[in-house]
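Presented below is the structure to which this report refers.
In the UniProt record's numbering, the protein residues as written are 1 to 74.
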């Protein structure tokens with residue numbers, strides 16, 4: 001995931017599911033930091049169907065619309 005070219009760090013939070021990512025070791029989480037001009041690759045493990053929230057934890061970013069939903073189909 002990449003989030004544009006802004007100078008801000010984004011903390012992307014996926015509600016309802018976890019994912020793994022690698023930084024030399026494998027980590028599991030539901031929030032990941034994405035630094036300016038970079039992207040992260042994660043592998044999500046979905047277990048619960050439904051519509052789930054996805055947002056940046058920075059309040060100003062959420063107010064500016066950095067909030068979305070994602071759908072998990074059974």
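From the three backbone atoms N, C-alpha and C, an ideal C-beta is built for every residue, glycine too.
Check                                                                                                                                : Outcome
Classify residue 57 as helix, strand or coil using the three-state DSSP reduction.                                                   : coil
Considering only their Cβ atoms, is the gap separating residue 42 from residue 26 smaller than 8 Å?                                  : no
So the candidates are 23, 30, 7; which of them puts its Cα closest to the Cα of residue 13?                                          : 30
Which same chain residues, not among the five before or five after residue 52, have their C-beta less than 6 Å away from its C-beta? : 15, 16, 70
Taking the beta strand (DSSP E) that residue 44 falls in, what are its first and last residues?                                      : 43 to 45
So, under 8 Å CB-CB, residue 50 and residue 72 are touching, yes? Tell me the CB distance rounded to an integer number of Å.         : 6 Å
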